[in-house]
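Read through the structure below, which is laid out as structure tokens, and then see the notes.
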Amino acid sequence: MASATSAGLFAGPSESAVQKAFTDGVELRVGRRAQAHLLLVYRTLAAASALAVLGVLVFIKAQIPAFLPFVVSVLCVFAMGMMQDETQRLGVLGLLAFSQGLLAGALVEFALDIDPALPLTAMLITLVVFVGFSVAALYAEKRSMLYLGGTLYSALGMLTTLTMANFFLQSPFVHTLQIYGGLIVFCGYVSFDTQLILAKFEAGDRDYVSHAMVLFVDMMAIFTRVLVVLLRNDKDRNRRRR
Numbered sequence: 003m004a005s006a007t008s009a010g011l012f013a014g015p016s017e018s019a020v021q022k023a024f025t026d027g028v029e030l031r032v033g034r035r036a037q038a039h040l041l042l043v044y045r046t047l048a049a050a051s052a053l054a055v056l057g058v059l060v061f062i063k064a065q066i067p068a069f070l071p072f073v074v075s076v077l078c079v080f081a082m083g084m085m086q087d088e089t090q091r092l093g094v095l096g097l098l099a100f101s102q103g104l105l106a107g108a109l110v111e112f113a114l115d116i117d118p119a120l121p122l123t124a125m126l127i128t129l130v131v132f133v134g135f136s137v138a139a140l141y142a143e144k145r146s147m148l149y150l151g152g153t154l155y156s157a158l159g160m161l162t163t164l165t166m167a168n169f170f171l172q173s174p175f176v177h178t179l180q181i182y183g184g185l186i187v188f189c190g191y192v193s194f195d196t197q198l199i200l201a202k203f204e205a206g207d208r209d210y211v212s213h214a215m216v217l218f219v220d221m222m223a224i225f226t227r228v229l230v231v232l233l234r235n236d237k238d239r240n241r242r243r244r
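Just so you know, our numbering puts 134 at position 132 of the sequence shown, and the rest follows in order with no gaps.
Structure representation (structure tokens):
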């Protein structure tokens, strides 16, 4: 899910936008119209996050099999690229967010059984990290984050390959690399996608729904990895106490 959206399934004029950012002067200025667009994106992102939380709660109550929300999530990604109606696209984003919450439900429920404070801590850390990397991208004097695109795509591809290989290898080291490497990559994606959204906006792309979707996927990827790290740290602390 994460690799698909971050790689730009909803690209629109993204290639020309990035080329324009590289060739027309790399100064990054956030004008009033861009600020209004970002505000709309972040409002939509907040609503999607709330639906994801609802999805987690529904999973805890209903224990929905994981393959159902996974299939729905994949269908939502492709549907977003085909739909033009704004209301329908918002509905697709809401369904995707709810499905992603269902997918994260098992991990959150497990964390709640270990320590009820862990999911909330992970949410707060995710928020701080997301805001920090977003602000860094917005207040950067130049669009330097856009140059990270190729590196991030390559790193994500390598991590995806390792994930598939580790189904057979079952290596703790590879699993650790997946978690921490993925966390670093998606933190980078927050900055990259933020500047890419601005570049798209300047190129005429006003699709705030798909922009919010990309950032939502980044945020969910960070949240799940932060929660796994917290669980591992809690396990290590308990082991040392024994």
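Heads up, the beta-carbon is just placed ideally off N, CA and C, and yes, glycines get one too.
Asked	Found
Candidates Arg208, Leu98, Leu232, Leu233, of which the one nearest alanine 52 by Cα	Leu98
Buried versus exposed, by CB contacts within 10 Å (16 or more), glutamine 2	For residue 2 there is no data in the structure shown, the boundaries of the chain being 3 and 244.
Pairwise C-alpha distance: alanine 214 and tyrosine 44	7 Å
Leucine 120 vs leucine 233 beta-carbon contact at 8 Å	yes
Whole-angstrom distance between serine 173 and alanine 38, CA atom to CA atom	47 Å
Cut-off 8 Å between Cβ atoms - residues of its own chain near valine 228, not counting five sequence neighbours on either side	Ala124, Ile127, Thr128, Val131, Leu185
Start-to-end residues for the alpha helix (DSSP H) that takes in glutamine 180	174-204
contact_flag[the region 142-157, the region 94-108] where n(CB pairs < 8 Å) is 3 or more	no
Residues of its chain near valine 32, where Cβ-Cβ distance is below 7 Å and the 5 sequence neighbours each way are ignored	Leu140, Leu200
First and last residue of the uninterrupted alpha helix (DSSP H) at arginine 145	No alpha helix (DSSP H) holds arginine 145; DSSP gives it neither H nor E.
Per-residue DSSP class, three states only, for methionine 85	coil
Simplified DSSP assignment, three categories, for arginine 239	helix
Short Cβ contact (8 Å threshold) for methionine 221 with alanine 106	no
Continuous alpha helix (DSSP H) stretch holding valine 60: start and end	34-64
Glutamate 111 and isoleucine 62 closer than 8 Å at C-beta	yes
Same chain, Cβ closer than 6 Å to glycine 190, neighbours up to 5 away in sequence not counted	Leu150, Leu154
Lysine 237 classed as buried or exposed, judged by whether at least 16 other C-beta atoms fall within 10 angstroms	exposed
Residues near alanine 81 by beta carbon distance below 6 Å, same chain, minus five either side	Val94
Whole-Å CB distance - valine 187 paired with leucine 158, under 8 Å assumed	6 Å
Supposed close pair leucine 164, leucine 179 - CB separation, criterion 8 Å	7 Å
Closest Cα partner of glutamine 90 within the set Asp209, Leu41, Thr162	Asp209
Where threonine 25 sits in the DSSP three-state scheme	Only weak support exists for where threonine 25 lies, its pLDDT of 48 falling under 50; the value from the coordinates is given anyway. Looking at threonine 25 - three-state DSSP - the assignment turns out to be helix.
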